[in-house]
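Using full-length UniProt numbering, the first residue of the sequence shown is number 1, and each one after it goes up by one.
Beta carbons are placed, not taken as given, at the ideal position from N, Cα and C, and that holds for glycine.
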Amino acid sequence: MTLMLSGRSGLLLGLMVLSGCSGFNRQALVTTLHYQCGTLPLTVTLKQDIQPAEVHFLLDGERLQLPQVVSASGTKYSNNRYTFWSKGERAFIERSGHIIADDCLLENAP
1 MTLMLSGRSG LLLGLMVLSG CSGFNRQALV TTLHYQCGTL PLTVTLKQDI QPAEVHFLLD
61 GERLQLPQVV SASGTKYSNN RYTFWSKGER AFIERSGHII ADDCLLENAP
């Protein structure tokens, strides 16, 4: 049995083969996470489509954009004033070296 492809179909198939079909099993590059930090709800957007990865969230009336930094354990994002550190379903936030939220729990965790 011989398979004949038209020009567009052949081109599309060729591009998929050349790309390793990466579009079919690509991990989501932007993820929205919902934490509850005591009485404070916190929505964190994780952007992995850039290097270093970043988290974005609103805190103290300020939109924060924190790049990922090296961490011995968990995942850490910091702009040297604010730090967001998460490990598993838990997270905490520091401002100027002082913890301001240490009881953040990821909601609807799988």
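>> Measuring straight from C-alpha to C-alpha, what distance separates Cys104 and Gln36?
In response: 5 angstroms
>> Output needed for Arg95: all residues of its chain with C-beta closer than 6 angstroms, excluding positions within five of it in sequence on either side, in chain order.
In response: Tyr82
> Count the other CB atoms within 10 Å of the CB of Ser86; is the residue buried (16 or more) or exposed (fewer)?
Replying inline: buried
>> Going residue by residue through the stretch 30-90, where are the continuous beta strand (DSSP E) segments of at least 3 residues, counting only ones entirely within it?
In response: 30-37, 40-47, 54-59, 62-69, 75-78, 82-87
> Can the beta-carbon of residue 111 be found less than 7 angstroms from the beta-carbon of Leu66?
Replying inline: Absent from the model: residue 111. The displayed extent of the chain is 1 to 110, so no value can be given.
> Cα separation between Ala101 and His56?
Replying inline: 16 angstroms
>> Using a 10 Å radius around the Cβ and a threshold of 16 neighbouring Cβ atoms, would you call Val30 buried or exposed?
In response: exposed
> Thr32 to Leu40, Cα distance in whole Å?
Replying inline: 16 angstroms
> Is it right to say Val44 is buried, meaning 16 or more other beta carbons lie within 10 angstroms of its own, or is it exposed?
Replying inline: buried
> CA-CA distance, Asp49 and Ile93?
Replying inline: 23 angstroms
> Looking at the structure shown, is Glu94 part of a helix, part of a strand, or coil, going by DSSP?
Replying inline: strand
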